[in-house]
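J.: Here our numbering = 1-based position in the sequence shown + 2. Quick one: structure below, then a few questions.
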Amino acid sequence: MKRLRKKLNDTFNSINMKLAIVFMLMLLATIEVIGAYFTRQLEQTSIENFQSSIQIQTVVSNQLANQLASDSKNANDRLNQIVNDYNNDAISEIIVVDNKDTIRAVSNLNYKSKIGQRINNTDVKRVISTGHQINKVIDDHGNYMIQISPLTSGNGSNNNVGAIYVKASMQDVFNNLRQISLTFLIASLIAALLGAFLALVISRAITQPIEEMQKQALHIADGDYSSQVKIYSNDELGQLGRAFNTLSVRIERSQEESDSERRRLDSVLSHMSDGVLATDRHGNVSVVNQMALNFLNVKEEDVINKPIAEVLGLKDTSSQDLISSQKEIVVTIDPNTRDEMILHASFSLIKRVTGFVSGSVCVLHDVTEQQKNEDSQKQFVSNVSHELRTPLTSLQAYIEALNEGAWKDPNIAPKFLEVTQQETSRMIRMINDLLSLSRMDRGVSKMDLEFVNLNDFVNHILNRFDMIVKTDKNNDKKKKYTIKRELGNQALWVEIDTDKMMQVIDNIMNNAIKYSPDGGVITVRLTQNKNHVILSISDQGLGIPRKDLGKIFDRFYRVDKARSRAQGGTGLGLAIAKEIVEAHHGRIWADSSEGKGSTFYISLPYEPMTEEDDWDEV
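See below:
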């Protein structure tokens, strides 16, 4: 029922039905006005014609007047004979009255008894007295016309001798009028139906192109530009349809260009190495690319429509002030974690042609590495200065003492000279290490690669350490240690620079011996893991605290600074070892616990050699 009611409402509310109804009502109103006027004129004409048709002929009127004017005894008989002989089917009753209001003759035999009586009809009396004819229609059990005409004698027009009363039935006249009205009504209904049909056809012809344009507009609103408005004529509606089709094509082209630009912009934003955030004029984020989400470590729904100051974590600054000032700022993300990120944020306004500010764009550039490099450079300069200042200060002190006369003391002078030589050697080693790091940083340190059986290579290095006797510089006693080898018998061929890799192993072995207790065991293992070969060196020293494990490969970093300097370390050995291993596309790391010793791991790329490769090598 609701659907039917809705359908009817839609039908009657449509412009097609409205045009048809208006046209039909106008047609009906026109027909009714014309019909009313026509019926009125027809009725008046019919009454006038009927009135003329019942008019007593002049000859008869003169005869009646002459008889009324004569004094003969048989005048009444003559009057009745004239009245009875008068032939008119429409007339139902004729009464002749003299000027004394006496009835002299009647046509109806049933009323002969009234002859000689006075008439009481005021209209008859008025006609006799005034000489003016009276015509009127009465409803006396039917429609009748009463016509009362004066009778004048020949002696003068104003000499009224009586009047003639004529009563005629108008039933046929009114029947004809009703028949004509009914015919006109039927014709009007037929014309109305034809008019309604023509109105629907004409309104449909007008509204159909409009409906198609409406459907096309809805398709365009939904993004469908494939359909076209059908052109039915070359009139204004046809021209409007052509203009609409042209507009549809242009909108499609504009939409394609807009989509292309948007895809291009999305592609640029998604592939940018910088983060981008766009805001509206209120400072709320409206667009954000993936790199910005990665930088801020948030999801898109957590950023959109949020103030940019809140998104960037700036609590003491409002978004409006941040945008209007357009200052470049530095934002630190997760400052309390090791993986903090430092971002450089720059702002620019989005202005329309009129100068109205509709938003802003914030570009985030990751300067974490740059900042770390700057900090590292500052730290490096500070460490180099500090490391060189200590031996230089010692050299200055001992040289001043020797210059002041200590060289003459045979007991003191040799010790001062020995310390001076040791500090000088230490500075030379430090400078050499710094030069090595500098060459590797600049990429000018060339690698002399060759395939080496890593088992034989490591055994060769360990054999040297078995033959070397280290002296503890604190107590001048020989430190005893044992090297435990777990290398296996499989030949593991790797491509390395033997000199540089020997430097790495020497450094780790020296540290293991240096920090192991007297009589300690140093375990060296060599294992194969998928496409890598792993060399591990374990000692039984004091170990490295967990908080220092991630920093031991930094330049000039020492866990125990006083003990390291006392043992002649420069703090650059592990940093050089890391650079060399990474130059071999490998990895170096350490695992340690305080009081349980340390283990250093070196992982190098390894490809198993087939039998054909072995024969080629032979």
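From the three backbone atoms N, C-alpha and C, an ideal C-beta is built for every residue, glycine too. Predicted model, so just to flag it, every value in this text is computed and none were measured.
Our contact map puts ASP550 next to ALA514 with C-beta atoms below 8 angstroms; I'd like the distance itself, whole angstroms only.
T.: The Cβ separation is near 17 angstroms, so there is no contact.
J.: Does DSSP put THR426 in a helix, a strand or coil?
T.: In the structure shown, THR426 sits in a helix (DSSP, three-state: H, G or I).
J.: For SER594, which residues of its own chain have a beta-carbon under 6 angstroms away from its beta-carbon, when the five flanking residues on both sides are left out?
T.: Only GLY545, ILE546 and SER600 meet the Cβ criterion.
J.: Rounded to whole angstroms, what's the CA-CA distance from GLN216 to ASP226? Just pull it up for me.
T.: Roughly 13 angstroms separates the two Cα atoms.
J.: Tell me HIS346's beta-bridge partners as DSSP assigns them.
T.: Answer is VAL332 and HIS367.
J.: On a Cα-Cα basis, can you pick out the residue from TYR39, LEU528 and PHE25 that is closest to SER183?
T.: It is TYR39 whose Cα lies nearest to the Cα of SER183.
J.: When you compare the CB positions of LEU456 and VAL421, do they come within less than 8 angstroms of one another, or not?
T.: Their beta carbons are not under 8 angstroms apart, which means LEU456 does not touch VAL421 by this criterion.
J.: Quick check on DSSP: helix, strand or coil for PHE40?
T.: Of the three classes helix, strand and coil, the one that applies to PHE40 here is helix, per DSSP.
J.: For ILE433, I'd like the list of residues in its chain whose CB is within less than 8 angstroms of its CB, leaving aside the five on either flank, ordered along the chain.
T.: Nothing listed; no residue qualifies.
J.: Do VAL175 and SER54 have their CB atoms nearer than 8 angstroms?
T.: No, the Cβ-Cβ distance between VAL175 and SER54 is not below 8 angstroms.
J.: Cutting at 7 angstroms between CB atoms, please list the residues of its own chain near ALA403, excluding the five before and the five after it.
T.: Result list for ALA403: PHE418, in chain order.
J.: Going by alpha carbons, who is nearest to ILE536 out of GLY588, ASN512, ILE498 and ILE582?
T.: Ranking GLY588, ASN512, ILE498 and ILE582 by Cα distance to ILE536 puts GLY588 first.
J.: In chain order, what residues of the same chain have a beta carbon less than 6 angstroms from the beta carbon of ARG567, not counting five sequence neighbours either side?
T.: Any reading at ARG567 must be qualified, since the residue scores a pLDDT of 47, below 50, and its modelled position is unreliable; no value is offered.
J.: From HIS221 to LEU267, what distance separates their C-alpha atoms?
T.: In a straight line, the C-alpha of HIS221 is about 27 angstroms away from that of LEU267.
J.: Tell me whether PRO607 sits in a helix, a strand or coil according to DSSP, three-state version.
T.: PRO607 falls in the strand class under three-state DSSP.
J.: Considering only C-alpha positions, which residue in the set ALA585, LEU191, ASP100 and SER94 is nearest to GLN173?
T.: For the residues ALA585, LEU191, ASP100 and SER94, the minimum Cα distance to GLN173 belongs to SER94.
J.: Are THR525 and PHE459 touching if we call contact CB-CB under 8 angstroms?
T.: No.
J.: Between which residues of its own chain and THR484 is the CB-CB distance below 8 angstroms, once the five residues before and five after are set aside?
T.: Around THR484: GLY521, GLY522, VAL523 and ILE524.
J.: Within a Cβ cutoff of 6 angstroms, which residues of the same chain sit near ILE335, ignoring the five residues on either side of it in sequence?
T.: Cβ neighbours of ILE335 beyond the five flanking positions: MET343.
J.: So ILE105 and ILE117 are in contact, right, with Cβ under 8 angstroms, and what is the actual spacing, rounded?
T.: At roughly 5 angstroms, the Cβ-Cβ gap stays under 8 angstroms, so ILE105 and ILE117 are in contact.
J.: Can you list, in chain order, the stretches of the alpha helix (DSSP H) that have 4 or more residues and sit fully within the region 504 to 591?
T.: Complete alpha helix (DSSP H) runs here, min 4: 563 to 568 and 575 to 585.
J.: With LYS127 as the anchor, note down where its alpha helix (DSSP H) starts and where it stops.
T.: Unbroken alpha helix (DSSP H) run through LYS127: 124 to 132.
J.: Under 8 angstroms: do the region 317 to 327 and the region 348 to 366 share three or more Cβ pairs, one atom per stretch?
T.: Touching, yes, given that three or more Cβ pairs across the two stretches are closer than 8 angstroms.
J.: Quick one: Cα of VAL278 to Cα of MET442, how far?
T.: About 36 angstroms.
J.: For ILE233, name the three-state secondary structure that DSSP assigns.
T.: The answer is coil: DSSP assigns ILE233 none of H, G, I, E or B.
J.: Compute the Euclidean distance between the alpha carbons of VAL454 and GLN530, then round it to the nearest angstrom.
T.: Whole-angstrom Cα-Cα distance: 15 angstroms.
J.: Can you tell me whether SER155 is helix, strand or coil according to DSSP?
T.: Looking at SER155 - three-state DSSP - the assignment turns out to be coil, as it is neither helix nor strand.
J.: Given ALA71, which residues of its chain have a CB within under 7 angstroms of its CB, disregarding the five upstream and five downstream residues?
T.: Taken in chain order, the residues that qualify are SER155 and VAL163.
J.: Looking only at its own chain, which residues have a Cβ that is under 7 angstroms from the Cβ of VAL98, when we skip the five neighbours before and after it?
T.: Counting only Cβ-Cβ distances below 7 angstroms, and skipping sequence neighbours, we find LEU66, LEU81, VAL85, ARG106, ALA107, GLY164 and ILE166.
J.: Looking only at its chain, what residues have a beta carbon closer than 6 angstroms to the beta carbon of VAL139, apart from the 5 residues adjacent to it on each side?
T.: Counting only Cβ-Cβ distances below 6 angstroms, and skipping sequence neighbours, we find MET147.
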